[in-house]
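Undergrad: Below are the structure tokens for one structure; questions will follow.
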Ligand code: GZL
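Numbering (this note's numbering), first residue to last: 921 to 1254.
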């Protein structure tokens, strides 16, 4: 463990203890900063708290990187602003943390600050979204979902579903609620969806796509504008569940039935999406597993032991609909 400013250590341990057992006598009560308590200090620059997925992702880190597991977590919520994440990384460098974990809100603009972390000798692990850098040595590895495959899986599911309901020969009008523009989850899902839909112009007519910033409120707002502009929408692709929930509210407000009059496809597959599938309001949710905490801890342990780690590490992901959602729901951890 590198030297830490005593105040930060005590504060971080307290935060860790607070998240650990919730009680001060959890055995992980914050040791005084100078106790020589030799934990691995991890600075975590999180995107924000914009969705159910993000909350589950944050909890996964806060329940993994706790003192009883040998860690001190210093957590920063950037409220979806890159400048806040860059500032947090610089703070972590100042505090001489042992590792930096970054969930980059967008893919570009990271060269300078990641070079500063490299110069300080602090390994950076990317979780969730990806970065575009010319020097790949600026980060050790990346853990996350295969966003392009998620988009492709959505269209493959749609192809089978349309055939199944006898609408395989119809031209379907599609609108896309995109995630934060420039986020690799948005870039990949949009690419996967539009490329496969583009291969079937006789089946899919993409009327419009616009960002809903991965939030429920913005997703509802954009869907309201789509419904005003296009009276004959057949399919909504929402690049996360929360924008799908907003779209469902907008569709109901104009007297249409989501999941029946308009087919709804979402990404993430959090618990609330399973409940909407079972209620018949979402037709398909493509999973993006947020439980990266244990995977990142495994990587850190390997690095501590001087073992090599894979540069790109995809998490396991499924596709859920009315046929498998009820059986799977009891197994859901988020
Ligand atoms: C995906 C993640 C996305 C989720 C959204 O890995 O980056 O960000 O799909 C979240 O819910 O806002």
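Glycine included, each C-beta is placed from N, C-alpha and C at the ideal position.
Given 7 Å as the limit, tell me if residue 1165 has its C-beta closer than that to any heavy atom belonging to ligand 2.
TA: What this structure holds is ligand 1, not ligand 2.
Undergrad: Give the single residue among 1197, 1157, 1146 whose Cα lies nearest to the Cα of residue 1174.
TA: Position 254 of the chain shown holds residue 1174. For the residues 1197, 1157, 1146, the minimum Cα distance to residue 1174 belongs to 1146.
Undergrad: If the criterion is Cβ atoms closer than 8 Å, does the pair residue 1016 and residue 1050 meet it?
TA: Along the chain shown, read from residue 1 onward, the residue named residue 1016 stands at position 96. Along the chain shown, read from residue 1 onward, the residue named residue 1050 stands at position 130. Against a cut-off of 8 Å, the Cβ pair of residue 1050 and residue 1016 comes out as no contact.
Undergrad: Measuring CB to CB, does residue 973 end up less than 8 Å from residue 1214?
TA: Start at 1 with the first residue of the chain shown, and residue 973 comes out as number 53. Start at 1 with the first residue of the chain shown, and residue 1214 comes out as number 294. Result no, Cβ atoms of residue 973 and residue 1214 do not sit closer than 8 Å.
Undergrad: Using a Cβ-Cβ cutoff of less than 8 Å, which residues in the same chain neighbour residue 1152 once the five nearest sequence positions on both sides are dropped?
TA: Taking the first residue of the chain shown as position 1, residue 1152 is located at position 232. Answer for residue 1152: 1093, listed in chain order.
Undergrad: Please tell me whether, using a cut-off of 7 Å, the distance from the CB of residue 973 to the nearest non-hydrogen atom of ligand 1 is below it.
TA: The residue labelled residue 973 in the question sits at position 53 within the chain shown. Residue 973 Cβ: within cutoff of ligand 1.
Undergrad: Measuring CB to CB, does residue 1078 end up less than 8 Å from residue 1155?
TA: As a position in the chain shown, residue 1078 is number 158, starting the count at 1. As a position in the chain shown, residue 1155 is number 235, starting the count at 1. Taking 8 Å as the Cβ cut-off, residue 1078 and residue 1155 qualify as a contacting pair.
Undergrad: Considering residue 1207, what are the terminal residues of the alpha helix (DSSP H) in which it resides?
TA: For this step, residue 1207 is matched to residue 287 along the chain shown. That residue, residue 1207, is in no alpha helix (DSSP H); its beta strand (DSSP E) goes 1204-1207.
Undergrad: Whose CA, out of 1066, 1024, 1108, 970, lies closest to the CA of residue 1233?
TA: Residue mapping note: residue 1233 aligns to position 313 of the chain shown, counting from 1. Looking at the Cα atoms, 1066 is the closest of the given residues.
Undergrad: Look at the alpha carbon of residue 1102 and the alpha carbon of residue 1135, and state the distance between them as a whole number of angstroms.
TA: Along the chain shown, read from residue 1 onward, the residue named residue 1102 stands at position 182. Along the chain shown, read from residue 1 onward, the residue named residue 1135 stands at position 215. C-alpha separation (whole angstroms): 15 Å.
Undergrad: Name the two residues that bound the continuous beta strand (DSSP E) containing residue 1232.
TA: Reading the chain shown from its first residue, position 312 is the one you call residue 1232. 1232-1234 is the extent of the beta strand (DSSP E) around residue 1232.
Undergrad: Does the beta-carbon of residue 1011, which I'm using as the reference point, lie nearer than 7 Å to any heavy atom of ligand 1?
TA: Position 91 of the chain shown, counted from the start, is the residue given in the question as residue 1011. For ligand 1, not one heavy atom lies less than 7 Å from the Cβ of residue 1011.
Undergrad: Just to confirm my understanding: we take residue 1112, look at its own chain, exclude 5 residues before and 5 after, and list those with CB closer than 6 Å. What are they?
TA: To locate residue 1112, count along the chain shown from 1; it is residue 192. Counting only Cβ-Cβ distances below 6 Å, and skipping sequence neighbours, we find 1068, 1071, 1072.
Undergrad: How would you write the range of the beta strand (DSSP E) that residue 1009 sits in, first residue to last?
TA: As a first step, residue 1009 must be located in the chain shown, where it is residue number 89. Here residue 1009 belongs to no beta strand (DSSP E); instead the alpha helix (DSSP H) covers 1002-1014.
Undergrad: Rounded to whole angstroms, what's the CA-CA distance from residue 1123 to residue 1082? Just pull it up for me.
TA: Here the question's residue 1123 lines up with position 203 in the chain shown. Here the question's residue 1082 lines up with position 162 in the chain shown. Spanning the two alpha carbons is a distance of roughly 10 Å.
Undergrad: For residue 1006 and residue 1052, I'd like the C-alpha separation in whole angstroms.
TA: Taking the first residue of the chain shown as position 1, residue 1006 is located at position 86. Taking the first residue of the chain shown as position 1, residue 1052 is located at position 132. If I take the Cα positions, the gap works out to 15 Å.
Undergrad: What number of angstroms, rounded off, separates the C-alpha of residue 939 from the C-alpha of residue 1149?
TA: As a working mapping, residue 939 is identified with position 19 in the chain shown. As a working mapping, residue 1149 is identified with position 229 in the chain shown. Reliability of the predicted coordinates at residue 939 is poor, the pLDDT of 34 falling under 50, and no value is obtained from them.
Undergrad: Are there three or more Cβ pairs, one per stretch, closer than 8 Å when the region 1193-1203 is compared with the region 1212-1227?
TA: The answer is no - the region 1212-1227 does not touch the region 1193-1203, with fewer than three Cβ pairs under 8 Å.
Undergrad: DSSP on residue 1158, reduced to helix/strand/coil?
TA: Taking the first residue of the chain shown as position 1, residue 1158 is located at position 238. Reduced to three states, the DSSP call for residue 1158 is strand.
Undergrad: Is it right to say residue 980 is buried, meaning 16 or more other beta carbons lie within 10 angstroms of its own, or is it exposed?
TA: On the chain shown, residue 980 is found 60 positions in, with the first residue counted as 1. That one is buried.
Undergrad: Apart from the five residues on each side of it in sequence, which residues of its chain come closer than 8 Å, Cβ to Cβ, to residue 906?
TA: Residue 906 cannot be examined here, being either before or after the span of the chain that is shown, 921 to 1254.
Undergrad: Look at the Cβ atom of residue 991, then the Cβ atom of residue 960, and state whether they are nearer than 8 Å.
TA: Sequence index remark: in the chain shown, residue 991 carries index 71 (1-based). Sequence index remark: in the chain shown, residue 960 carries index 40 (1-based). Their beta carbons are under 8 Å apart, which means residue 991 touches residue 960 by this criterion.
Undergrad: Can you check which of these residues, 968, 1185, 1086, is closest to residue 1241 by C-alpha distance?
TA: Numbered from 1 along the chain shown, position 321 holds the residue referred to as residue 1241. For residue 1241, the nearest C-alpha among the options comes from 1185.
Undergrad: Suppose you measure from the CA of residue 1074 to the CA of residue 1132; what does that come to, to the nearest Å?
TA: Start at 1 with the first residue of the chain shown, and residue 1074 comes out as number 154. Start at 1 with the first residue of the chain shown, and residue 1132 comes out as number 212. Those two C-alpha atoms are separated by around 18 Å.
Undergrad: I'd like the list of long-range same chain contacts for residue 1168, defined as Cβ closer than 6 Å, with 5 residues on each side in sequence excluded.
TA: As a working note, residue 1168 is residue 248 in the chain shown. Closer than 6 Å at the Cβ level, and outside the excluded window around residue 1168, lie 1178, 1201.
Undergrad: Ligand 1 and residue 1204: does the residue's C-beta get closer than 7 Å to at least one heavy atom of that ligand?
TA: By one-based count along the chain shown, residue 1204 stands at place 284. No, Cβ of residue 1204 sits at least 7 Å from all heavy atoms of ligand 1.
Undergrad: At which residue ranges does the region 1056-1143 contain complete beta strand (DSSP E) runs of 3 or more residues, listed in the order of the chain?
TA: Whole beta strand (DSSP E) segments, 3+ residues: 1061-1064, 1092-1098, 1124-1131.
Undergrad: Would you tell me roughly how many angstroms separate the C-alpha atoms of residue 1141 and residue 1034, rounded to the nearest one?
TA: If you number the chain shown from 1, residue 1141 lands on position 221. If you number the chain shown from 1, residue 1034 lands on position 114. C-alpha separation (whole angstroms): 36 Å.
Undergrad: Looking at residue 1245: is its Cβ nearer than 8 Å to the Cβ of residue 1194?
TA: Your numbering for residue 1245 matches position 325 in the chain shown. Your numbering for residue 1194 matches position 274 in the chain shown. Cβ atoms of residue 1245 and residue 1194: closer than 8 Å.
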